[in-house]
Amino acid sequence: MAWEQLHSAPRDEVGAAWRDAYALACLHVAALRAAAAGAFDGGGGDDERRAALRALDMGLIMGGGLLRAELEDAISRVVADRRGANGGEAEGVADGNVERWKEGIAGDRDLADVLKLLPVKSLSCKQIERRTCISLETFIHDYFKCESPVILSGCIDHWPARTKWKDINYLERIAGDRTIPVEVGKHHPCTESKQELITFSQFLERMWSSDSPNLTYVAQHPLFDQIKELREDITVPEYCHAGDGELQSLNAWFGPHGTVTPLHHNPHHNLFAQVLGRKYFRLYPASVSVDLYPHTETMLSNASQVDFDSIDEKEFPKTGGLEFMDGILEEGDLLYIPPKWWHYMSYGADHLFYLPLDLSFVIIDDKALTANHTVYINYGKRIVGISNCFLDLDDMYTHYSYGECFSYKYTSHLYIFVAAKYFDPFGSKCTIIKAVQIGGMWSVCEFLLSAPY
Numbered sequence: 001m002a003w004e005q006l007h008s009a010p011r012d013e014v015g016a017a018w019r020d021a022y023a024l025a026c027l028h029v030a031a032l033r034a035a036a037a038g039a040f041d042g043g044g045g046d047d048e049r050r051a052a053l054r055a056l057d058m059g060l061i062m063g064g065g066l067l068r069a070e071l072e073d074a075i076s077r078v079v080a081d082r083r084g085a086n087g088g089e090a091e092g093v094a095d096g097n098v099e100r101w102k103e104g105i106a107g108d109r110d111l112a113d114v115l116k117l118l119p120v121k122s123l124s125c126k127q128i129e130r131r132t133c134i135s136l137e138t139f140i141h142d143y144f145k146c147e148s149p150v151i152l153s154g155c156i157d158h159w160p161a162r163t164k165w166k167d168i169n170y171l172e173r174i175a176g177d178r179t180i181p182v183e184v185g186k187h188h189p190c191t192e193s194k195q196e197l198i199t200f201s202q203f204l205e206r207m208w209s210s211d212s213p214n215l216t217y218v219a220q221h222p223l224f225d226q227i228k229e230l231r232e233d234i235t236v237p238e239y240c241h242a243g244d245g246e247l248q249s250l251n252a253w254f255g256p257h258g259t260v261t262p263l264h265h266n267p268h269h270n271l272f273a274q275v276l277g278r279k280y281f282r283l284y285p286a287s288v289s290v291d292l293y294p295h296t297e298t299m300l301s302n303a304s305q306v307d308f309d310s311i312d313e314k315e316f317p318k319t320g321g322l323e324f325m326d327g328i329l330e331e332g333d334l335l336y337i338p339p340k341w342w343h344y345m346s347y348g349a350d351h352l353f354y355l356p357l358d359l360s361f362v363i364i365d366d367k368a369l370t371a372n373h374t375v376y377i378n379y380g381k382r383i384v385g386i387s388n389c390f391l392d393l394d395d396m397y398t399h400y401s402y403g404e405c406f407s408y409k410y411t412s413h414l415y416i417f418v419a420a421k422y423f424d425p426f427g428s429k430c431t432i433i434k435a436v437q438i439g440g441m442w443s444v445c446e447f448l449l450s451a452p453y
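Number 421 in full-length UniProt numbering belongs to position 421 of the sequence shown; there are no gaps in the numbering.
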């Protein structure tokens with residue numbers, strides 16, 4: 001019944017209770033599968049553990065937030081049980097695929113060959129400015145405040161992901177059996193595109209398989225909220241703290257050669273991190289939006305109708321003559337894209353390019369956090385602090401705990417994420433409080449979650 005309700009309306013129109021009910025059902029299915037695994041230690045048990053893991057991932061992807069901690073805890077136990085049953089070893093990747101993976105992320109194609117794969121006039125106009133490891137203060141003064149794009153080199157060389165993710169066997173071991181949502185088709189939106197739920201191993205196999213009829217890629221998915229081991233391989237760049245704002249989202253993109261992200265814009269500051277491979281970016285300022293022919297439909301109004309792989313000059317006569325800036329994001333680069341700047345991305349800058357993986361850090365500027373409302377923060381049933389302004393939250397938690405506090409608005413609600421790692425000496429907790437605005441004030445209406453941090 002919950003599954004039917006999830007597919008009866010757009011995601012934001014489905015009641016939270018149905019999502020929580022689905023998550024609860026997934027927990028019960030996983031428990032039955034895990035119990036059955038114990039009865040098949042002589043054979044078949046691993047299939048049951050994989051089925052349990054899929055059910056739990058479905059709960060994370062499709063379910064609500066109320067039982068997220070329980071789902072994550074169950075995943076940790078199933079993964080540990082699988083590794084114990086398999087003697088700590090994971091099934092390796094065939095040698096041929098390992099070699100193709102290494103070739104795909106090498107990025108050694110000549111520029112002349114790269115240009116043949118990119119849109120007309122690529123790398124012929126103004127290049128995106130490139131800087132090396134500038135300070136946060138310089139970034140804020142020279143780029144963030146004036147909303148000017150920049151490529152930042154040498155800022156994520158210390159990430160474990162820069163080396164670990166080049167080992168496909170590592171990725172298989174950490175994430176191979178996890179179920180993830182993927183897009184199938186050249187790009188979204190297009191009439192041929194669709195979504196599927198497959199394992200990470202199946203996704204990797206499609207990327208290097210010549211038999212796959214359609215491009216398959218991961219786009220705009222909070223992968224690191226789902227697979228914590230991968231989250232440990234990266235750190236949030238200090239540039240995300242520009243403007244005293246908050247990190248709104250952290251998403252991952254994986255895609256093979258030939259994948260394209262059509263021209264579109266976002267309302268927030270964006271910082272892209274190119275972990276592996278290379279990627280071509282083309283940027284247009286918000287001032288030329290009309291000449292980029294945005295879709296008239298409300299849902300697609302932030303996307304251009306123009307196909308940059310083959311611009312129809314009769315239908316879109318103004319686009320071809322517009323000035324733009326572009327560049328190729330190399331492995332280890334960051335790219336800052338200001339709000340409302342249009343950007344087109346092509347994963348065709350390498351000849352194999354099996355893993356052009358990038359992360360998107362979306363930042364909320366401090367201008368969005370100046371509302372003067374009263375916020376009550378509680379820990380369990382006990383109120384531990386009151387803030388009269390969003391910007392007071394850091395000071396409040398300096399006084400009340402040694403943890404961190406993150407907040408952001410979501411429709412008519414305010415969600416407060418309290419990462420109070422040292423708050424509870426008897427067991428570190430992560431508390432999520434849901435507050436609603438009542439009579440001009442924010443007050444806590446629901447205690448959503450208290451779970452191990």
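Cβ atoms here follow ideal geometry from the backbone N, Cα and C, with glycine treated the same way. This one's a predicted model, so the numbers in the text were calculated from it and none came from an experiment.
The Cβ neighbour count for C146, taken over all protein chains shown within 10 Å, is under 16; the residue is labelled exposed. Measuring C-alpha to C-alpha distances from A74 to each of T319, S124, I227, P262 identifies I227 as the nearest. Only residues of its own chain outside the window of five on either side were considered, and among them none has a CB closer than 6 Å to the CB of P317. Our two residues, F272 and V236, have alpha carbons roughly 11 Å apart in a direct line. The Cβ neighbour count for V290, taken over all protein chains shown within 10 Å, is under 16; the residue is labelled exposed. Of the residues assessed, C125 falls on the exposed side of the cut-off, its CB having fewer than 16 other CB atoms within 10 angstroms. Remark: C-beta atoms of R33 and R82 do not approach each other more closely than 9 Å. Its chain contains I227, E229, L230 as the residues whose beta carbon lies nearer than 8 Å to that of I174, once the 5 sequence neighbours on both sides are disregarded; these appear in chain order. Excluding residues up to 5 positions away in sequence, W18, A21, Y22, A25 lie with their Cβ nearer than 7 Å to the Cβ of A2 in the same chain. Distance from the CA atom of V306 to the CA atom of P339, rounded to whole angstroms, is 20 Å. The criterion of a C-beta distance shorter than 9 Å is not satisfied by S287 and H295. In this structure, D326 and Q127 form a Cβ contact; the two beta carbons are roughly 7 Å apart against a cut-off of 8 Å. By the Cβ-count criterion, Q274 is buried, with 16 or more other Cβ atoms from all chains shown falling within 10 Å of its own Cβ.
If you ignore the 5 residues before and after T259, its C-beta comes within less than 6 Å of the C-beta of L215, Y217, Y347, all in its own chain and listed in chain order. In terms of Cβ geometry, L171 and L204 form a close pair [threshold 9 Å]. For Y170, the enclosing alpha helix (DSSP H) stretches over residues 168-175. Secondary structure note for W3: it is in no beta strand (DSSP E), and the uninterrupted alpha helix (DSSP H) holding it is 2-6. Rounded to whole angstroms, the Cβ separation of L66 and L27 is 11 Å, and the two are not in contact under 8 Å. In the DSSP annotation of this structure, the continuous segment of the alpha helix (DSSP H) that includes G45 starts and ends at 45-62. DSSP places F308 outside both helix and strand once states are collapsed to three, so it counts as coil. Counted as a single uninterrupted DSSP element, the beta strand (DSSP E) harbouring D326 occupies residues 325-329. For the 9 Å CB-CB criterion, P285 and W342 form a contact.
Assignment of I156 by DSSP, reduced to helix, strand and coil, places it in the coil class.
In this structure, the beta-carbon distance from I134 to D57 does not fall below 9 Å. Of the candidates I337, L335, Y336, D312, D312 places its Cα closest to the Cα of V120. When only Cα atoms are considered, Q248 and Q5 end up about 28 Å apart. Here the C-alpha atom of P160 lies approximately 21 Å from the C-alpha atom of H241. Of the residues assessed, G277 falls on the buried side of the cut-off, its CB having 16 or more other CB atoms within 10 angstroms. In the DSSP assignment, Y217 falls outside any alpha helix (DSSP H) and within the unbroken beta strand (DSSP E) covering 216-221. When rounded, the separation of the alpha-carbon atoms in S193 and K314 is 26 Å. Looking from the CA of K166, the closest CA among E331, L223, L152, Y239 belongs to E331. By the 16-neighbour rule on beta-carbons within 10 angstroms, T163 is exposed. Taking C-beta atoms as the reference points, L283 and T319 fail to come closer than 9 Å.
When the Cα atoms are used, R178 and L223 turn out to be separated by approximately 10 Å.
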